[in-house]
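Participant: Can you read through this structure? Questions will come right after.
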Amino acid sequence: LENHENVLPISKKAHVAVIGPMGHGYVNYGDYVIHEAMTRGVTPFEGLRDASEGTVTFTQGGDRWSNSDEKFPEAIAAAEAADVAVVVVGTWSRDQDELWAGLNATTGEHIDVSDLKLVGMMPRLVKAIIKTGTPTVVVYSSGKPITEPWISEEAAALVQMFYQGEEGGHALADILYGDVNPSGKLSVAFPYDIGTAPAYYDHLNSARSWPNPGRIYPNGTLVFGSNYVFNSPLPMYEFGYGLSYSEFVYSGLEVSTKTPSADETITVSVNVENKGKHDGKEVVQVYIKDLVASVDVPNIKLKGFKKVNIKAGETQKVEIELDVGEWGLWNPKMEYVVEPGEFRILVGSSSADFRANTTVTVA
């Protein structure tokens with residue numbers, strides 16, 4: 001999600017301090033897993049240790065469900081002694097043992113929380129490690145978005161692991177050490193705060209223009225716009241977002257026809273160049289925007305994507321087929337129809353990062 005000053009990938013010879021209650025001794029699977037499952041599998045610490053050519057240490061910093069700072073001094077000392085700190089925090093569900101023991105969880109069936117922030121001592125632990133001045137990579141091991149914008153700004157790097165499963169520690173090490181170039185894309189948006197949720201990309205069109213943030217006057221009078229008065233409705237990380245160690249440049253967008261019929265399949269093609277030093281995979285995403293419709297329709301809709309592996313310095317032509325019949329809507333008579341008119345095709349790296357677009361007219 002973040003890689004300030006290209007802190008990642010980490011040198012395998014580096015002294016790495018793995019810190020945090022999700023870093024070792026607990027494997028995050030999610031709900032409905034067998035007894036003792038959360039003690040089985042490769043933890044982030046084990047994965048980094050196995051792949052390292054240097055030194056990798058682990059300190060917990062605190063328990064998952066704890067508010068106590070008593071273990072912070074050991075974690076701070078470990079970070080100060082290291083070249084890089086990897087702090088693993090997040091949310092968790094329970095296996096059957098923890099369920100029947102009545103231990104707390106922050107995610108899962110019948111588990112509700114009032115916000116999407118880190119719980120307990122976790123945010124304070126992250127802040128304490130960042131304050132050491134050691135480059136700090138924060139890893140979210142979670143089953144849902146986490147809203148801590150300050151971590152995005154202050155941490156050297158931020159990685160979203162979700163629930164890692166049995167081999168998650170090895171997978172994380174592959175990414176952090178650069179053996180694998182990250183290519184994952186978010187299947188859910190991350191809002192800045194619970195107050196700006198929901199933050200889905202395919203929201204309905206509004207009659208109010210954007211941006212129009214509204215205003216608060218000195219006497220307290222509020223004039224509402226199409227945004228939140230003190231914040232933007234745009235997400236912190238949008239649907240389809242995800243960084244790479246490579247830079248991908250798009251060019252030469254073409255479509256097989258500019259006047260398709262409603263029962264036709266068209267081909268969208270675009271050239272993607274890997275301008276980075278690493279071989280990498282890019283997820284080319286194609287969205288459709290209905291420019292004029294008889295009913296309120298989503299702002300944009302994802303209609304196709306393709307993941308392609310492109311060697312450093314090379315360019316690949318990517319072709320994606322789109323079924324025009326999937327561009328329809330339910331009209332006031334509850335009939336599914338593809339209405340004649342203009343549709344914009346947007347191609348890019350996420351639902352907010354469009355690199356090229358063109359317009360076609362459905363006959």
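For what it's worth, our numbering labels the leading residue of the sequence shown as 1, then goes sequentially. Positions of the beta carbon are idealized from the N, C-alpha and C atoms, including for glycine. What you are looking at is a predicted structure, and each value in this text was computed from that prediction instead of being measured.
#1: Would you mind giving the Cβ-Cβ distance between LYS185 and TYR241, rounded to the nearest angstrom? I have them listed as a contact below 8 angstroms.
#2: With 16 other CB atoms within 10 Å as the buried threshold, where does GLY348 fall?
#3: For the alpha helix (DSSP H) that LYS127 lies in, which residues bound it at each end?
#4: In whole angstroms, what is the alpha-carbon distance linking SER114 and ARG355?
#5: Please look up how many angstroms separate the CB atoms of GLN160 and LEU1, rounded, as I've assumed it's under 8 angstroms.
#6: Cutting at 6 angstroms between CB atoms, please list the residues of its own chain near THR359, excluding the five before and the five after it.
#7: Within the stretch 124-195, note down every full beta strand (DSSP E) run reaching 3 residues or more, in order along the chain.
#8: Kindly indicate which residue of LYS12, HIS24, LYS311 and TRP330 has the alpha-carbon position closest to the one of GLY165.
#9: Compare the C-alpha of THR267 against each of PRO298, GLU273, GLY304 and ALA293 and name the closest.
#10: With a threshold of 16 other CB atoms inside 10 Å of the CB of VAL286, please say whether the residue is buried or exposed.
#11: Three or more C-beta pairs under 8 angstroms: does that hold for the stretch 167-181 against the stretch 119-129?
#12: Taking all protein chains shown into account, decide if GLY195 is buried (16 or more other Cβ within 10 angstroms of its Cβ) or exposed.
#13: DSSP on ASP323, reduced to helix/strand/coil?
#14: Starting from LEU302, follow the beta strand (DSSP E) in both directions and report where the run begins and ends.
#15: Determine, using beta carbons only, whether ASN299 and ASP193 come nearer to each other than 8 angstroms.
#16: Helix, strand or coil, according to DSSP, for GLY47 in the structure here?
#17: ILE345 lies in the alpha helix (DSSP H); which residues open and close that run?
#18: On the premise that VAL16 lies in contact with VAL89, defined as a C-beta separation below 8 angstroms, what is that separation, rounded to the nearest angstrom?
#19: Keeping to the same chain, check which residues put their C-beta closer than 7 angstroms to that of VAL365; ignore five residues upstream and five downstream.
#20: Beta-carbon within less than 7 angstroms of ASN274's beta-carbon, same chain only, minus the 5 sequence neighbours each way: which residues are those?
Facilitator: Let me spell this out:
#1: Right, the Cβ-Cβ distance comes to about 7 angstroms (below 8 angstroms), so this counts as a contact.
#2: It counts as buried.
#3: Where LYS127 is concerned, the enclosing alpha helix (DSSP H) starts and stops at 122-130.
#4: Straight through space, the alpha carbons of ARG355 and SER114 are spaced by roughly 37 angstroms.
#5: That belief holds up - the Cβ atoms of GLN160 and LEU1 are roughly 6 angstroms apart, short of 8 angstroms.
#6: Cβ neighbours of THR359 beyond the five flanking positions: GLU342 and ARG344.
#7: Entirely contained in the stretch 124-195, the beta strand (DSSP E) runs reaching 3 residues are, in chain order, 136-141 and 157-160.
#8: Of the candidates LYS12, HIS24, LYS311 and TRP330, the one whose C-alpha sits nearest the C-alpha of GLY165 is HIS24.
#9: Nearest C-alpha to THR267: GLY304.
#10: Buried, by the Cβ-count rule.
#11: The stretch 167-181 is not in contact with the stretch 119-129.
#12: So GLY195 counts as exposed.
#13: In this structure, DSSP gives ASP323 an extended state, which the three-state scheme calls strand.
#14: Start and end: 301-310.
#15: No, they are not a contact pair.
#16: Assigned with DSSP and collapsed to three states, GLY47 falls in helix.
#17: Element bounds for ILE345: not the alpha helix (DSSP H) but the beta strand (DSSP E), 341-348.
#18: A Cβ-Cβ distance of about 16 angstroms is found for the pair VAL89 and VAL16, leaving them out of contact under the 8 angstroms criterion.
#19: Only positions 1 to 363 of the chain appear in the structure, and residue 365 is not among them; the question remains open.
#20: Non-local beta-carbon contacts of ASN274 in its own chain, meaning distances under 7 angstroms to residues more than five positions away in sequence, involve SER246, PHE248, GLY280, ILE310, LYS311, ALA312, GLY313 and GLU314 in chain order.
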